[in-house]
Every structure is written in structure tokens, then in C-alpha cells.
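Numbering (my numbering), first residue to last: 1256 to 1413.
Contents: one structure, followed by commentary.
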């Protein structure tokens, strides 16, 4: 049990965007949005307490994937740095705590090293979990002498 999490559940999800028949005609923007959002039948849903705000959580997740909290292309709402640092501390993300602290103390120049170190750690963890242990694979290649696992996002990025 962690005080940040109210509940964790596995839920069956359906296409919540509705069909064209239900909504009349869809614009090209709507179609592009539907095509860009993968719909997974089963989702793990984590409900957080009010101790972590929506903007702080979005920046926190962005940091977990990229090693930075800044993204000019994704239009993330910016949380207050103090709030982000507090959320990182609460969720025990030491690299993000350090990143936010450096910004709060006007020491942005230190974040290049933090970002590089975090990305090296992340790469190692991904290698361990996805390649070496084969966790979360969603593609299976059938070979003459057996099978090999893969991950759709990694394959698509190639």
C-alpha cells in the first residue's frame, strides 16, 4: 500500500470515442486522433489520491519516459515546480526530485547530467525487463528453431 494510490484495477475498456454513426460525421482531426490513440481491450487503471495533481502527474510520466519535464510539442500543462518536486518525493523518484530542485535553485545547468544518468538507467532497466526477461512482449516471431519475443512500440520506432 502506498498513500499516493487509492486503487489499482484491471478493467475491460471499449472504444469510448463512439462510432461515426453515433456522432454523425467525423472531421479529419477526429479521425487522426482516433488513429493515433491505440485502443487496448484491457487496461490497468491506477487511481491516485489528491496528493498528486493532474499536471504534476503528466509531467512526472513525461519525465519517466524522456528524462526531461519539458516538451514544446506535446502541450503539457506545467505544474508548479514545487508541486512537481513534492510529487516526485512522494512517489520516490529521486532523479525527478533532483531535476526539479535544480530548477527551483536556478541551477538548470546541472540537469544535463541528471537527464543523461536517468536515460542510461532507464535503458538498462528496459533491456533487463523487455529483452532479457521478455516481459510485456506483444509480438511473437515464429522461427524454424523456436520463437522470439518482441514489442510493438520498439519495432515501430525502428
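Each residue gets a CB set at the ideal place from its N, CA and C atoms; glycine is no exception.
Asked: Residue burial classification, residue 1407 (beta-carbon count within 10 angstroms, cutoff 16); Found: exposed
Asked: Residue 1306 beta carbon less than 8 Å from that of residue 1259; Found: yes
Asked: Local conformation of residue 1266 per DSSP, three classes; Found: strand
Asked: Counted within 10 angstroms of its Cβ, other Cβ atoms place residue 1318 as buried (16 or more) or exposed; Found: buried
Asked: Whether residue 1266 touches residue 1316 by CB criterion (8 Å); Found: no
Asked: Three-way DSSP call (helix, strand, coil) for residue 1300 in this model; Found: strand
Asked: Cα-Cα separation between residue 1382 and residue 1350, rounded to whole angstroms; Found: 19 Å
Asked: Straight-line Cα distance separating residue 1385 from residue 1411; Found: 15 Å
Asked: For residue 1391 and residue 1297, the rounded distance between their alpha carbons; Found: 13 Å
Asked: Residue 1396, buried or exposed, once every other Cβ within 10 Å from all chains shown has been counted against 16; Found: exposed
Asked: For residue 1396, the three-state DSSP class (helix, strand or coil); Found: strand
Asked: Within 8 Å, strictly: CB atoms of residue 1355 and residue 1343; Found: yes
Asked: Backbone secondary structure at residue 1278 - three-state DSSP; Found: Low confidence applies here, because residue 1278 scores a pLDDT of 43, under 50, leaving its location unreliable; read the following figure in that light. Three-state result, residue 1278: helix.
Asked: Buried versus exposed call for residue 1346 [16 or more other C-beta atoms within 10 Å across all chains shown]; Found: buried
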